[in-house]
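The numbering of the sequence shown is my numbering, which starts it at 1 and goes up by one.
One structure is given below, encoded as structure tokens.
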Amino acid sequence: MQYVQGQSPSPKIREYFYYIDHQGMLFLDDARIKNFTSCFKDKQFLVFFFKKLGKNDTDRYPEFPYLSRCGRERNYVKCDDYPIVFTHVSSINEKDVFCHNHAADLLHVPFEPDKIFMHLENGRIYHPCPSTKGSVGLIASKLAIEFSKLFIFDENEIPTHFRWKDEEHKLCSQWFEDAQQHEKTS
């Protein structure tokens, strides 16, 4: 696959190519070194970029399954797992929200502790996100380690409950299974 950052396949259209790592950091795809010093940090840019993010419904660059249309720019996105990566829980108007992709509290979804899902095969932990963003969001490694202490397991070592703010929430994984099925059929 070949591309040039900023290429113009047609008049007034520019194309850029991005990568989102498992910590939720956004990089230009062709950046040689991908770490905190080279990721995008401007909160307003991140909000604009992620609010426009959706499935790549074009015939161009299927290796980049997501697309953020920002005016005349087409920003093709691939990721380590899922593009929405939850980084911390915050409280807004006395409600817990799950914030994502390093935009502080500016990007968030309602936090649903009963829908935390631990994938037993890859060890990663997930939470629902809007269907326009793929329905599944990854929980960043650092937070997943903290969350792993809050799971209650059955005798087969399968998580059954999640302890959040002194309350045990019975886990429901149906949302994850539904999202996986939808992804296979779309």
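Here a beta-carbon is modelled for each residue, glycine too, at the ideal position from N, C-alpha and C.
Predicted model, so just to flag it, every value in this text is computed and none were measured.
- For H100, the closest alpha carbon among the candidates Y76, N122, P130 is that of P130.
- Cα atoms of L107 and V47: separation of roughly 6 angstroms, rounded to the nearest angstrom.
- By the Cβ neighbour-count rule, I33 is exposed, with fewer than 16 other Cβ atoms within 10 Å of its own.
- Distance from the Cα of F45 is smallest, within the candidate group S68, S135, E155, for S68.
- Between the region 75 to 86 and the region 46 to 65 there are three or more C-beta pairs closer than 8 angstroms, enough to call the two in contact.
- If you compare the alpha carbons of T160, T58, E146 with that of D114, the shortest gap goes to T160.
- DSSP lists I92 as the bridge partner or partners of K95.
- Counting only runs of 3 or more residues that sit fully inside the region 113 to 139, the beta strand (DSSP E) segments are 125 to 128, 136 to 139, in chain order.
- Between the alpha carbons of H169 and K43 lies a distance of about 32 angstroms.
- Relative to the Cα of K78, the nearest Cα in the group D30, L171, F151 belongs to D30.
- For H22, the three-state secondary structure derived from DSSP is coil.
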